[in-house]
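Okay, structure first, notes after.
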Amino acid sequence: MLEFAKFICIMPSAMHQLLPTPPETTHILLERAHHLAGMTLGELAKKLNEKTPPNLLRAKGWVGQLLEKALGASAGNLDLPDFPQLGVELKTLPINAQGVPQESTYLCRVSLPLQESEFYLSRVWRKCAQILWIPIQASSQLSLLDRKIGTAILWMPNSHLEATLKKDWEELTQMIRLGQFDKLSAHHGTYLQLRPKAANAKQLVTVTNDQGKSIAIVPKGFYLRSCLTQMILREYYA
DNA sequence: ATTTGATCATTT
DNA sequence: AAATGATCAAAT
Numbered sequence: 015m016l017e018f019a020k021f022i023c024i025m026p027s028a029m030h031q032l033l034p035t036p037p038e039t040t041h042i043l044l045e046r047a048h049h050l051a052g053m054t055l056g057e058l059a060k061k062l063n064e065k066t067p068p069n070l071l072r073a074k075g076w077v078g079q080l081l082e083k084a085l086g087a088s089a090g091n092l093d094l095p096d097f098p099q100l101g102v103e104l105k106t107l108p109i110n111a112q113g114v115p116q117e118s119t120y121l122c123r124v125s126l127p128l129q130e131s132e133f134y135l136s137r138v139w140r141k142c143a144q145i146l147w148i149p150i151q152a153s154s155q156l157s158l159l160d161r162k163i164g165t166a167i168l169w170m171p172n173s174h175l176e177a178t179l180k181k182d183w184e185e186l187t188q189m190i191r192l193g194q195f196d197k198l199s200a201h202h203g204t205y206l207q208l209r210p211k212a213a214n215a216k217q218l219v220t221v222t223n224d225q226g227k228s229i230a231i232v233p234k235g236f237y238l239r240s241c242l243t244q245m246i247l248r249e250y251y252a
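The first sequence begins at 15 in my numbering and counts up by one.
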C-alpha cells in the first residue's frame, strides 16, 4: 500500500514542528523554543533528519546550527541577528557538569579597519540587544546524542549591563582606532572582550598601528565573557 | 575570501 | 580550573 502515501499530506501543524518557517513574533519563537526543553540533541537531530557527529571536534558549530534549523532562524550567515525581523539573536549556551557556562559567547567580527563609530549602530549592539539563550548540557562525560536542551531564555540587558557593554565597546574600539594593537588582548573589558577570530593564526589582516606602521595581525572578534552568561542564568533560574 | 555556527587546546 | 589564543566546518 505504498501508493497510499500520496494521499497523506503533511499537516501544517506537523510541518511546523519539522521545518519551522521564520517565527512571526518573539512569543511564537519563545513558545517553539520552550517546546524543545528536555529533548536530547539526538532526538532533535532525528526529527530534523540531521546526522549527529561522533563529537564536536570537527563540527564545532553543529549544536547551534541544529537549533537554528529547529526554530526557523533565517539570517543564514549574513551579518544580521538570526531572526532579523524580530531583532533576536540565537545563542546556545554550553553548560558544564557544575551547571555553569563552559565557554564564552562569540558575537561578531571586528571590522578592520574599524568602520563603526557609535555603540548603538554597532554589530555588537545589534546582536546583544536581544538574545534567545538556549542552555545545552555540555559535560564531556555525556555523548552528544544524550545531551539535553534546556529551557530557553529571551534576554535583554538591563540598563546597567547595557551601560557596561557600551563602555567596554567604546574602550575596545578606541584602542583599535588608535592603533594600539600591542596592548590589544582578551584581558580588556568587563563583559565584552576581543579575541582572535580566524581559521588559524596564519590568516592575517593589515592594519596601521599607533606608530603609523603597517602591520599584519590575526582578525579579531567580540565575545561575551562567561561571567556575564553565568549571571544571566542565575537570574532566570533562581 | 568572509561570515556564520562555536569549541578546542594551551597557557596562566 | 579558568581564561586566552587557536582552530574547524558550512554557507555564500
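Note that the Cβ used here is the ideal one computed from N, Cα and C, for glycine as well.
task = Identify whether PHE97 lies in helix, strand or coil by the three-state DSSP scheme.
result = As a position in the first sequence, residue 97 is number 83, starting the count at 1. DSSP, read as helix, strand or coil, puts PHE97 in strand.
ask   = Does the beta-carbon distance from TYR205 to THR178 come in below 9 Å?
value = Against the first sequence, residue 205 aligns to sequence position 191. Against the first sequence, residue 178 aligns to sequence position 164. Taking 9 Å as the Cβ cut-off, TYR205 and THR178 qualify as a contacting pair.
query = Between THR220, THR243, LEU242 and MET245, which lies nearest to LEU128 when the distance is taken from Cα to Cα?
reply = Walking along the first sequence from the start, residue 128 turns up at place 114. Considering only alpha carbons, the answer is THR220.
message = Does the structure place the region 145-160 close enough to the region 196-205 that three or more beta carbon pairs sit under 8 Å?
response = Contact annotation: the region 196-205 does not touch the region 145-160, with fewer than three C-beta pairs closer than 8 Å.
request  = Specify whether the region 94-105 and the region 53-73 touch according to this definition: at least 3 beta carbon pairs, one from each stretch, less than 8 Å apart.
outcome  = Contact between the region 94-105 and the region 53-73 is absent, because fewer than three Cβ pairs lie under 8 Å.
query = Near PHE133, which residues of its chain fall below 6 Å by C-beta distance, leaving aside the five closest residues on each side in sequence?
reply = As a first step, residue 133 is located in the first sequence; it is residue number 119 there, counting from the start. Around PHE133: TRP139, LYS180 and TRP183.
inquiry  = Based on DSSP bridge pairs, tell me the residues matched to PHE195.
reply    = Sequence index remark: in the first sequence, residue 195 carries index 181 (1-based). Beta-bridge pairing links PHE195 to no other residue.
key: Chain-order list of residues whose beta-carbon lies under 6 Å from that of LYS105 (same chain, five-residue window excluded)   = Taking the first residue of the first sequence as position 1, residue 105 is located at position 91. Closer than 6 Å at Cβ, skipping near neighbours: THR119, ILE145 and TRP147.
query = Whose C-beta lies closer than 8 Å to the C-beta of PRO37 among residues of the same chain, with five residues either side of it excluded?
reply = On the first sequence, residue 37 is found 23 positions in, with the first residue counted as 1. By the criterion of a C-beta distance shorter than 8 Å, PRO37 is surrounded in its chain by LEU43, ARG46, LEU85, GLY86, PHE97 and LEU100, once the five residues flanking it on both sides are discounted.
request  = Give me the Cβ distance between GLY235 and ARG123, rounded to the nearest whole Å; I'm assuming they're in contact under 8 Å.
outcome  = Here residue 235 refers to the residue found at position 221 of the first sequence. Here residue 123 refers to the residue found at position 109 of the first sequence. 5 Å between Cβ atoms; contact.
task = Measure the CB-CB distance between ASN63 and LEU158 and report whether it falls below 9 Å.
result = Here residue 63 is taken as the residue at index 49 of the first sequence, counted from 1. Here residue 158 is taken as the residue at index 144 of the first sequence, counted from 1. Taking 9 Å as the Cβ cut-off, ASN63 and LEU158 do not qualify as a contacting pair.
request  = Answer yes or no: do ARG161 and SER173 have a C-beta to C-beta separation smaller than 9 Å?
outcome  = To locate residue 161, count along the first sequence from 1; it is residue 147. To locate residue 173, count along the first sequence from 1; it is residue 159. With contacts defined as CB atoms closer than 9 Å, ARG161 and SER173 fail to qualify as a contacting pair.
message = On the CB-based measure, 16 or more other CB atoms within 10 Å of its CB, does ALA166 come out buried or exposed?
response = For the purposes of this step, residue 166 is taken as the residue at position 152 of the first sequence. So ALA166 ends up on the buried side.
request  = Please look up how many angstroms separate the CB atoms of LEU121 and LEU238, rounded, as I've assumed it's under 8 Å.
outcome  = Numbered from 1 along the first sequence, position 107 holds the residue referred to as residue 121. Numbered from 1 along the first sequence, position 224 holds the residue referred to as residue 238. By a beta-carbon distance limit of 8 Å, LEU121 contacts LEU238. Their separation comes to about 6 Å.
inquiry  = At the level of alpha carbons, what is the spacing between GLN155 and LYS65?
reply    = Translated into the one-based positions of the first sequence, residue 155 becomes position 141. Translated into the one-based positions of the first sequence, residue 65 becomes position 51. Cα-Cα distance, rounded: 20 Å.
Contacting residues, own chain, Cβ-Cβ under 7 Å from THR40 (five flanking each side not counted) = Walking along the first sequence from the start, residue 40 turns up at place 26. Non-local C-beta neighbours of THR40 in its own chain, meaning closer than 7 Å and more than five positions away in sequence, comprise LEU100, VAL102 and LEU168, ordered along the chain.
key: Inter-residue spacing [alpha-carbon to alpha-carbon] between GLU117 and PRO108   = Translated into positions along the first sequence, residue 117 becomes position 103. Translated into positions along the first sequence, residue 108 becomes position 94. The straight-line gap from Cα to Cα measures roughly 7 Å.
key: Own chain, CB closer than 7 Å to PHE195, minus 5 neighbours either side, in chain order   = Here residue 195 corresponds to residue number 181 of the first sequence, with the count starting at 1. VAL221, ASN223, ILE229 and ILE231.
query = Buried or exposed: GLY113, going by 16 or more other Cβ atoms within 10 Å of its Cβ?
reply = Mapped onto the first sequence, residue 113 falls at position 99. Flag for GLY113 reads exposed.
request  = Would you list the residues sitting across from CYS122 in a DSSP beta bridge?
outcome  = Counted from its first residue, the first sequence places residue 122 at position 108. DSSP, once it has assigned bridges, lists PHE236 as partnering CYS122.
Residue from GLU82, VAL77 and ALA59 with nearest C-alpha to THR35 = Start at 1 with the first residue of the first sequence, and residue 35 comes out as number 21. The option with the nearest alpha carbon to THR35 is GLU82.
task = With ARG209 as the anchor, note down where its alpha helix (DSSP H) starts and where it stops.
result = Within the first sequence, residue 209 is the residue found at index 195, counting from 1. Annotation for ARG209: no alpha helix (DSSP H) segment contains it, though the beta strand (DSSP E) segment containing it runs 206-210.
ask   = Near SER136, what residues of its chain come up, given a Cβ to Cβ distance below 7 Å and the 5 sequence neighbours on each side ignored?
value = Your numbering for residue 136 matches position 122 in the first sequence. Closer than 7 Å at Cβ, skipping near neighbours: GLU130 and TRP183.
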